[in-house]
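Student: Per the working numbering, the sequence shown starts with residue 3, numbered consecutively.
Beta carbons are placed, not taken as given, at the ideal position from N, Cα and C, and that holds for glycine.
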Amino acid sequence: MIQGRLSVFKFESFKKYKGIAHFITTKEGWVSGSKSRFTGDRKEEYAEFRKELAISCEANANQFVFPRQTHSDHIAVVTSADENTIANTDALITNQPGLFVCVQTADCVPVLLYDPQKKVVSAIHAGWKGTVSKIVLKTVQKMTDQFGCQPSDIIAGIGPSIHIHAYEVGPEVVEMVKNNFSNSSALLKPSLNAGRAYLDLWEANQTALMEAGIPEEN
């Protein structure tokens, strides 16, 4: 769908909840480059990106919180929009009204979580490192520990990312997947290149979410 001048995706499972705004943007409609404050965009380009984003969702640009992503499994609880304090982090959680917790992805997987009972949201960046270390499971655990969320109440949305058919990984990643996932045979598809395989990031993150206690139907 088009929101403002940007093309965005929304999760059907989130739409029925009136207390939450969410979206995943595409490349279409942007005037600036990489959109990242931390990967080379000039300060003025990044400010324009924030402005475009705010206009599209009828918000204020200072409501958006972006972490400095490093392909870690580090999670931060956000209480204000001061993103300068959120370094080396790949998942954000908040229960503060009016804040948009955000992550930036290309090939990696964006995962959004929402607990409609406790009014807690999370945005997660899951590349292969975060996926293999089960950052989504750890985020659910932090929501449970810090806010009293019940995993059975949490709604999850797994966003667009690189497809398994295009995502070949090396032997070291294959080994980590086998060590960390009991259903690794369903997550890895054989490659013609010895020792390598194709990794299904979507299925791996869904597996970790269900391991955390989120029902499959959520």
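Less than 8 Å between the CB atoms is what I'm expecting for Leu1 and Thr141, so what's the real figure, rounded?
Tutor: Beyond the ends of the chain as shown, which are 3 and 220, falls residue 1; an answer cannot be given.
Student: Which two residues bound the contiguous beta strand (DSSP E) that contains Gly159?
Tutor: Along the sequence shown, one-based indexing puts residue 159 at 157. Its beta strand (DSSP E) spans residues 157-160.
Student: Pull up the distance between the alpha-carbon of Gly150 and that of Thr81, whole angstroms please.
Tutor: For this step, residue 150 is matched to residue 148 along the sequence shown. For this step, residue 81 is matched to residue 79 along the sequence shown. About 17 Å.
Student: Roughly how many angstroms lie between the CA atoms of Phe25 and Arg198, to the nearest whole one?
Tutor: By 1-based counting over the sequence shown, the position of residue 25 is 23. By 1-based counting over the sequence shown, the position of residue 198 is 196. Using only the alpha carbons, I get a separation of about 34 Å.
Student: By alpha-carbon positions, which one of Asn207, Ala93, Pro153 ends up nearest to Ser163?
Tutor: For the purposes of this step, residue 163 is taken as the residue at position 161 of the sequence shown. Selected option, being the one with the closest Cα: Asn207.
Student: Quick one: what's got a C-beta closer than 7 Å to Ile22's C-beta in the same chain, skipping five residues either side?
Tutor: Translated into the one-based positions of the sequence shown, residue 22 becomes position 20. Counting only Cβ-Cβ distances below 7 Å, and skipping sequence neighbours, we find Phe16, Tyr116, Val123.
Student: Give, in chain order, every unbroken run of the beta strand (DSSP E) that is at least 3 residues long and sits entirely within the stretch 53-129.
Tutor: Those beta strand (DSSP E) runs which fall completely within the stretch 53-129 and span 3+ residues are 77-79, 93-96, 111-117, 122-128.
Student: State the DSSP-derived secondary structure class of Lys12, mapped to helix, strand or coil.
Tutor: As a position in the sequence shown, residue 12 is number 10, starting the count at 1. Coil, per DSSP.
Student: For the beta strand (DSSP E) containing Leu189, name the first residue and the last one.
Tutor: In the sequence shown, the residue the question calls residue 189 occupies position 187. Note, Leu189: premise wrong, no beta strand (DSSP E); alpha helix (DSSP H) at 186-189.
Student: Quick one: using the 10 Å Cβ neighbour count with 16 as the cut-off for buried, is Gln106 buried or exposed?
Tutor: Residue mapping note: residue 106 aligns to position 104 of the sequence shown, counting from 1. Burial call: buried.
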